[in-house]
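Read top to bottom, the protein sequences are chains D and P.
Following the working numbering, the numbering of the first sequence begins with 9 at its first residue and continues without gaps.
Following the working numbering, the numbering of the second sequence begins with 1031 at its first residue and continues without gaps.
Everything below concerns the one structure shown next.
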Amino acid sequence: MDRMTCPLCGLEFDITANTRCTGCFLKKNCAKICCPRCGYETVAESSLVGLAKKIFGRRPAASS
Amino acid sequence: MAPVAIKTLPRAPADTRETSIVLVGNPNVGKSVIFSYLTGRYVTVSNYPGTTVEITRGKARDLGPNVEVIDTPGVQSLSPESEDERVTRDVLLSNPNTTVLLVADSKNARRTLTLLVTVLELGRPVVIALNMSDEAKLRGVTFDAEGLSGITGIEAIPTVAVEGRGLEKVKKSLLRARMCPEPVRYHAKIEEAVEALSEALPRTDISSRALILGILAGDQDLAAFLYELVPADFWTMVEHHKQEIRRACGRSPSSVIGGARRVWVEQMATRISRTTQQGAESLADKFGRWSMHPVWGLPILVAVLLGVFWFVGIFGAGTAVNFLENVIFGRFLNPWATSVVSLVPWAFFRDLLVGEYGVITMALTYAFAIVLPVVGTFFLAFGALEDSGYLPRLAVMVDRFFRAMGLNGRAVLPMVLGLGCDTMATLTTRVLETKKERVIVTLLLALGVPCSAQMGVILGMLSGLAFSATIIWVGIVLGVLFTVGLLSSKLLKGERSDFILEISPLRWPKIGNIASKTLARMEWYLKEAAPLFVYGTILLFALDKLSFLPWIERASAPVIKGLLGLPLEATQAFIVGFLRRDYGAAGLFVMARNGGLDSIQVVTSLVTITLFMPCIANFFVVIKEHGMKTAILMGLFIIPFALLIGGAVNYILRGIGWTG
Chain D
9 MDRMTCPLCG
19 LEFDITANTR
29 CTGCFLKKNC
39 AKICCPRCGY
49 ETVAESSLVG
59 LAKKIFGRRP
69 AASS
Chain P
1031 MAPVAIKTLP
1041 RAPADTRETS
1051 IVLVGNPNVG
1061 KSVIFSYLTG
1071 RYVTVSNYPG
1081 TTVEITRGKA
1091 RDLGPNVEVI
1101 DTPGVQSLSP
1111 ESEDERVTRD
1121 VLLSNPNTTV
1131 LLVADSKNAR
1141 RTLTLLVTVL
1151 ELGRPVVIAL
1161 NMSDEAKLRG
1171 VTFDAEGLSG
1181 ITGIEAIPTV
1191 AVEGRGLEKV
1201 KKSLLRARMC
1211 PEPVRYHAKI
1221 EEAVEALSEA
1231 LPRTDISSRA
1241 LILGILAGDQ
1251 DLAAFLYELV
1261 PADFWTMVEH
1271 HKQEIRRACG
1281 RSPSSVIGGA
1291 RRVWVEQMAT
1301 RISRTTQQGA
1311 ESLADKFGRW
1321 SMHPVWGLPI
1331 LVAVLLGVFW
1341 FVGIFGAGTA
1351 VNFLENVIFG
1361 RFLNPWATSV
1371 VSLVPWAFFR
1381 DLLVGEYGVI
1391 TMALTYAFAI
1401 VLPVVGTFFL
1411 AFGALEDSGY
1421 LPRLAVMVDR
1431 FFRAMGLNGR
1441 AVLPMVLGLG
1451 CDTMATLTTR
1461 VLETKKERVI
1471 VTLLLALGVP
1481 CSAQMGVILG
1491 MLSGLAFSAT
1501 IIWVGIVLGV
1511 LFTVGLLSSK
1521 LLKGERSDFI
1531 LEISPLRWPK
1541 IGNIASKTLA
1551 RMEWYLKEAA
1561 PLFVYGTILL
1571 FALDKLSFLP
1581 WIERASAPVI
1591 KGLLGLPLEA
1601 TQAFIVGFLR
1611 RDYGAAGLFV
1621 MARNGGLDSI
1631 QVVTSLVTIT
1641 LFMPCIANFF
1651 VVIKEHGMKT
1661 AILMGLFIIP
1671 FALLIGGAVN
1681 YILRGIGWTG
């Protein structure tokens, strides 16, 4: 499970479904992560970065 | 009113062990190292029942048979304000025969004592491991372990866990751990309530003092836990005592309890902790300290804002917008889209896509060519501020500003969060105790706190004018906030916030991390804002096709032209501004770039649109939180108020002959 540190209050927490903001009708499109302690919102990883990691991040180790 | 029994306090999984040692501490203080020392190799990691919080358990070595060691997540307090804190509190309450090993950071006495006071009140035997004592010594921090033991009766042992120093002593101390269940003597009315309510409580293995203090402080989980265990008149007694406390202290019980704990922490910290300067303080440490200073913090804040302003204004609103609007969209995309759409045989659809109010030529051009580069550069700057550790320091500065106004300290958090997203910040007003407080802070948020996207577009527009325009805008917005805050502070009782911020050291942000965050924020922005830009444009298109738009413009002429001194076309910006303020601001941005607005008109329109409702999402959240009637009343106040202030700016600037 991914963990992150809140940039405002410093809390370390796991990113789960419960850390999503459910405040408004835009929530289906909202990719923000909400600190469970202070409520500060920051963003989850970009889907483009995630895709790039999938494609390039798991290269097999070069054989010696 | 009695709380509803929504759930019972979770119990630990049934086991036959007689004793448990629970490790508690702030994040990153070395609990896991000490846990490994106490348990050895074989541990189990599982989610605490009903949560996603992981708890690590292991069998203790050399501490007798059937002694279990439990490692809990890092917490700041046992308030509990997060799931981690709730789980830690529940582990401590639900395991009988528990000894608590508080693992503390020797460098930070106040943070340690803040957690210690709530742990002691649980009435469990406690031992304190003052970890990282070597780092404390290097920084010139002395933590008087014997002094702490002398005052509380609890053994406190300096340790360096990573080197195993002091851990054997800790292990031995756990066998003779002592309690200090009443570290703080509260106001007589609180003590009276604790005594009276304790008699009505059934016998449990949990300290009745801790339970009563939690209930008086408004802990809903504890109330739910007790709901079925106590007679119905217990809650009437609780309410009676709460009112007595309010009457005697002039504050809520939670504020009185929190205040007494803070006094204890301060007094203890002064007695047992000293900092002497060891060697030269690093520049980052000095800068970090200055940035929170009530005097030196202000020029640093101004310098940071200026840096962001120039970066967003010159690079974002200038270079990037020029390139995207004039080259990418102007030369390539829009002509190409127009030629493709010209093949469509129906003029109505051609207009809808590439006309004056076309989805491509207006909505997508605004979203991608104008707003995105501006908010993108703002997100870049904001990401750098986040990663540098400046934001908690900014929160401390803002806290001082609001306290100077006499506003409830708890209101500070939603205000700071509003700089990120007003909608989410409106939700966090739930932490405020009364409906009146929640409504006033929601109003302040909607009125004067622009979210990050709006701030980006506004800074971009202001950068095209003389710097005095920015000072006027900032001055007016702060002035409105200060005045409304001051008026509301007359209605609200001032109470200090219990919110604890982790002030981490200032550090250089990592470029890769900022770039990744900015990309994620831009993706989020496009997903959220672009559809609203399209809806807004379709609304303008429909109004235009039905010939309502000229009628609306004529009808609003006394306000838009007469009061605000703006061209009638600016009406459209205010119509879509209700969907999103930044969309409205983008329309004004385009008008200003095309020479349709002079400097006074830019400042007037920006002040007016800043004071508008932030966006339609925010309006719906206000309805959800406060009801339709309050939301409409709030809108009925905000819109005329924004227009009146805008009108005043227009007349005053013209009156004094300001030209920008």
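Where is the CB? At the ideal position from N, CA and C, for every residue including glycine.
Can you give me, in chain order, the residues of the segment 1472-1500 of chain P that have a beta carbon less than 9 Å from any beta carbon in chain D?
Hits within the stretch: zero.
Would a C-beta distance cut-off of 8 Å place Asn1648(P) and Ala1476(P) closer than the cut-off?
Yes, these two residues count as a Cβ contact at 8 Å.
Is any beta-carbon of chain D found at less than 8 Å from that of Asp1114(P)?
Yes, Asp1114(P) lies at the interface with chain D (some Cβ there is under 8 Å from its Cβ).
Counting only the same chain and skipping the five closest in sequence on each side, list residues whose C-beta sits under 7 Å from that of Val1679(P).
Only Ile1506, Val1633, Thr1634, Val1637 meet the Cβ criterion.
Does any residue of chain P bring its CB to less than 8 Å from the CB of Lys40(D)?
Closer than 8 Å: yes.
Near Leu1068(P), which residues of its chain fall below 6 Å by C-beta distance, leaving aside the five closest residues on each side in sequence?
For Leu1068(P), where only same-chain residues beyond five positions count, the Cβ hits under 6 Å are Ala1090, Val1099.
Mind listing which residues of the segment 11-23 of chain D have their C-beta closer than 9 Å to chain P's C-betas, in chain order?
Within the segment 11-23 of chain D, the qualifying residues are Thr13, Cys14, Pro15, Leu16, Cys17, Gly18, Leu19, Glu20, Phe21, Asp22.
Counting C-beta neighbours from all protein chains within 10 Å, is the total for Thr1266(P) 16 or more, i.e. buried, or is it exposed?
Thr1266(P) comes out exposed.
Tell me the rounded alpha-carbon separation between Ala1278(P) and Gly1244(P).
Taking the straight line joining both Cα atoms gives about 19 Å.
Under a three-way DSSP split, which group does Pro1324(P) fall into?
Pro1324(P): coil per DSSP, three-state reduction.
Which class does Leu1498(P) belong to by DSSP, given the choice of helix, strand or coil?
Strictly speaking, residue 1498(P) in this sequence is Ser, with Leu absent from that position. It is helical.
Taking a cut of 8 Å between CB atoms, which residues from the segment 1534-1548 of chain P lie near chain D?
Under the 8 Å Cβ criterion, the segment 1534-1548 of chain P contributes Ser1534, Ser1546, Lys1547.
When you check each C-beta in the segment 51-63 of chain D against every C-beta of chain P, which residues fall closer than 9 Å?
Within the segment 51-63 of chain D, the residues whose Cβ lies closer than 9 Å to some Cβ of chain P are Val51, Ala52, Glu53, Ser54, Ser55, Leu56, Val57, listed in chain order.
At 3 residues or longer, and completely inside the segment 1633-1684 of chain P: list those beta strand (DSSP E) runs for me, N to C.
Runs of the beta strand (DSSP E) inside the segment 1633-1684 of chain P: none found.
With distances taken from CA atoms, which of Ala1397(P), Ala1425(P), Ser1418(P) is nearest Met1322(P)?
Ranking Ala1397(P), Ala1425(P), Ser1418(P) by Cα distance to Met1322(P) puts Ala1425(P) first.
Straight-line CA distance for Pro1644(P) to Phe1264(P)?
The straight-line gap from Cα to Cα measures roughly 44 Å.
Which residue from Arg1291(P), Arg1206(P), Val1260(P) puts its Cα closest to that of Leu1093(P)?
Among Arg1291(P), Arg1206(P), Val1260(P), the Cα nearest to that of Leu1093(P) is on Arg1206(P).
Check whether the segment 1283-1302 of chain P touches the segment 1205-1219 of chain P, counting contact only when three or more Cβ pairs, one atom from each stretch, lie closer than 8 Å.
Touching, yes, given that three or more Cβ pairs across the two stretches are closer than 8 Å.
Within the 8 Å Cβ cut-off, does Ser71(D) reach chain P?
For Ser71(D), the pLDDT reaches just 34, beneath the cut-off of 50, and the residue's location in the model is therefore unreliable, although a value from the coordinates is still provided. Ser71(D) does not count as touching chain P.
How is the alpha helix (DSSP H) around Met1552(P) delimited, first residue to last?
First-last of the alpha helix (DSSP H) with Met1552(P): 1541-1575.
Output needed in chain order: residues of the segment 1402-1418 of chain P with a Cβ under 8 Å from some Cβ in chain D.
The residues in question are Glu1416, Asp1417.
Below 8 Å on the Cβ atoms is my guess for Ala1134(P) versus Gly1055(P); work out the distance and round it to an integer in Å.
Indeed, because the Cβ distance is near 6 Å, the residues count as touching under 8 Å.
In chain order, what residues of the same chain lie with their CB nearer than 6 Å to the CB of Pro1561(P), ignoring the 5 residues before and after it?
Nothing meets the Cβ criterion.
Buried or exposed: which applies to Trp1581(P), given that a residue is buried once 16 or more other Cβ atoms fall within 10 Å of its Cβ?
Result: exposed.
Based on the DSSP output, what are the partners of Met12(D) in its beta bridges?
Beta-bridge pairing links Met12(D) to Phe21(D).
Could you spell out the range, first to last residue, of the alpha helix (DSSP H) harbouring Val1374(P)?
No alpha helix (DSSP H) contains Val1374(P), which DSSP labels as neither H nor E.
Closer than 9 Å by beta-carbon distance: list the chain D residues that pair up with Pro1422(P), in chain order.
The answer, in chain order, is Pro15, Leu16, Cys17, Gly18.
Locate the alpha helix (DSSP H) running through Cys46(D), then write down its first and last residues.
That residue, Cys46(D), is in no alpha helix (DSSP H); it is neither H nor E in DSSP.
When the Cα atoms are used, what is the spatial distance from Leu1123(P) to Val1606(P)?
Computed Cα separation, rounded: 53 Å.
Flag this pair as yes or no: are the beta carbons of Thr1459(P) and Pro1444(P) separated by less than 8 Å?
Yes, Cβ-Cβ distance for Thr1459(P) and Pro1444(P) is below 8 Å.
Excluding the 5 residues preceding and the 5 following Leu1152(P) in the sequence, name in chain order all residues of the same chain whose CB lies nearer than 6 Å to its CB.
The residues are Leu1122, Ser1237, Ala1240.
Considering just the uninterrupted stretch of the alpha helix (DSSP H) at Leu1053(P), what are its terminal residues?
Unbroken run through Leu1053(P) is the beta strand (DSSP E), 1049-1055; no alpha helix (DSSP H).
Residues of chain D with CB under 8 Å from Glu1599(P), in chain order?
Under the 8 Å cutoff, chain D gives no residues; its nearest Cβ is about 29 Å from Glu1599(P).
Closest by CA to Ile1390(P), which one among Leu1053(P), Met1621(P), Ser1284(P), Glu1355(P)?
The shortest C-alpha separation from Ile1390(P) is found at Glu1355(P).
Mapping DSSP to helix, strand and coil, what is Leu1132(P)?
Strand at Leu1132(P).
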